[in-house]
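Below is one structure; the comments refer to it alone.
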Amino acid sequence: MAVAVPEGGHRARPHRTGLPGLEAVSVASDRTFPRHAHDQFGIGLVLAGGHRSWSGIGAVEAVPGDVITVNPGEIHDGVPVQGRGRAWQMLYLDPALLADLTREETPGAVEITHPALRDPAVAGPFARLFTAIAAARPEPLAVEQALTALLTPLLDRYGNRTPPRRGPPPFVARALRRLEEAPAEAVTLAELAGLSGVSRFQLLRGFSRATGTTPHAYLMQQRVRLARRLLAAGRSPAEAAAEAGFADQSHMTRAFMRQFGVTPARYRAALA
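Under the UniProt record's numbering, the sequence shown is numbered contiguously, ending at residue 272.
What follows is the structure, encoded as structure tokens:
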């Protein structure tokens, strides 16, 4: 099936999945997405064009037919190959839902080890799941069954029990905790550095080395993630913008689009 890829444009369509904890979106875009992270597992299928992203194992490329993945909290970005647009379908799966579906097979926390993979045993079930989701009225049982059929080969072949990870330096961990616990509150670099008694230069350098991004970019990610939760809880875009600490709704919309590829209004409508 031919997929139109926009030149100089961006289209994103959220889909109702009928299953709490599972979100779906179809995207066709030539935009570059900055480094960011999600609360959920991301599993996608490239339909057209080429996609390059930075991941924990370095830069990877994906072409049509490839499955792309990202773990919760994993910093990544997205760039069109050779500047041309690409199209893909993406699923976002809450960790709690994955744990509930796979509790007996994969006890404990898991991670997906390959950010890009070519495997018909995974791509096929993904396509069938998206077909079930794209139905006029998704049937929860059909969606849940198809999701389980996708997770089985994906985790069998590319899942791994999460090993103990070496955390960031304590002064970076304190800054991260402050940004995550109160993203709506204004903060300065001096305040973050003062939490551990280091200089602003030390904090900025150590933070970037440990996370792959800057404190301000990380704060914006946290605000967008908070806004997403508020929208899912029924807040209007204006209310979510105010409660998440954005200057105004348009500021939130721009940040939300950069991270999720859809507007807050369309995201909220897809959950209605």
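Beta carbons: idealized from backbone N, C-alpha and C, even for Gly. Values in this document were obtained by computation on a predicted structure and should not be read as measured data.
Under three-state DSSP, which class holds Pro72? Coil.
Give me the DSSP bridge partner(s) of Arg86. Answer by DSSP bridge pairing, in chain order: Ser29.
Short of 8 Å in beta carbon distance, which residues of its chain neighbour Leu219, apart from the five on each side in sequence? Order them along the chain. Closer than 8 Å at Cβ, skipping near neighbours: Leu179, Pro183 and Val187.
Pro237 classed as buried or exposed, judged by whether at least 16 other C-beta atoms fall within 10 angstroms: The residue is buried, with at least 16 neighbouring Cβ atoms inside 10 Å.
Buried or exposed: Gln57, going by 16 or more other Cβ atoms within 10 Å of its Cβ? With the sequence shown as reference, residue 57 is identified as Ile, and Gln is not the correct amino acid for it. When all chains shown are included, Ile57 counts as exposed.
Less than 8 Å between the CB atoms is what I'm expecting for Leu47 and Ala87, so what's the real figure, rounded? Their Cβ separation, rounded to whole angstroms, is 4 Å, which keeps Leu47 and Ala87 in contact under 8 Å.
State the start and end residues of the unbroken alpha helix (DSSP H) segment that holds Gly56. Here Gly56 belongs to no alpha helix (DSSP H), and DSSP marks it neither H nor E.
Under 6 Å Cβ to Cβ from Glu185, same chain only, skipping five residues before and after it: list those, please. Within the same chain, no Cβ atom closer than 6 Å to the Cβ of Glu185 is found once the five residues on either side in sequence are excluded.
Beta-ladder partner(s) of Leu91, from DSSP: Per DSSP, Ala24 and Ile43.
Would you call Gln82 buried or exposed, if buried means 16 or more other Cβ atoms sit within 10 Å of its Cβ? Flag for Gln82 reads exposed.
From this set, Pro115, Glu61, Pro215 and Arg84, which residue's C-alpha is nearest Pro72's C-alpha? Nearest of Pro115, Glu61, Pro215 and Arg84 to Pro72, Cα basis: Pro115.
Could you tell me whether the region 63–79 touches the region 35–55, where touching means 3 or more Cβ pairs closer than 8 Å? Contact check between the region 63–79 and the region 35–55: three or more CB pairs, one atom from each, fall below 8 Å, which counts as touching.
Have a look at Thr152 and His216 and give me their C-alpha separation to the nearest angstrom. If you take the alpha carbons of Thr152 and His216, they lie about 38 Å apart.
Would you check if the region 201–210 and the region 248–256 touch, i.e. whether three or more CB-CB distances between them fall below 8 Å? Taking a cut-off of 8 Å on C-beta distances, the region 248–256 does not touch the region 201–210, as fewer than three cross pairs fall below it.
Where DSSP assigns a beta bridge to Ile112, which residues make up the other side? Ile112 pairs with Gly159.
Put Arg198 into one of helix, strand or coil per three-state DSSP. This sequence places Val at residue 198; Arg is not what is there. In this structure, Val198 counts as coil in the three-state DSSP scheme.
Return the first residue and the last residue of the alpha helix (DSSP H) that Pro264 is part of. That run of the alpha helix (DSSP H) goes Pro264 to Leu271.
For Val224 and Phe33, the rounded distance between their alpha carbons: Cα-Cα distance, rounded: 14 Å.
Assign Gly159 to one of two classes, buried (16 or more other C-beta atoms within 10 Å of its C-beta) or exposed (fewer than that). By the neighbour-count definition (other C-beta atoms within 10 Å, threshold 16), Gly159 is a buried residue.
Within 10 Å of its beta-carbon, does Ala2 have 16 or more other beta-carbons around it, so buried, or fewer, so exposed? Confidence is the limiting factor: at Ala2 the pLDDT is only 47, short of 50, which leaves the residue's position unreliable and the question unanswerable from this model.
Those residues which DSSP pairs with Leu117 across a bridge: Residue pairing by DSSP places Leu117 opposite Val67 in a beta bridge.
Residue environment, Pro20, which counts as buried when at least 16 other CB atoms sit within 10 Å: Flag for Pro20 reads exposed.
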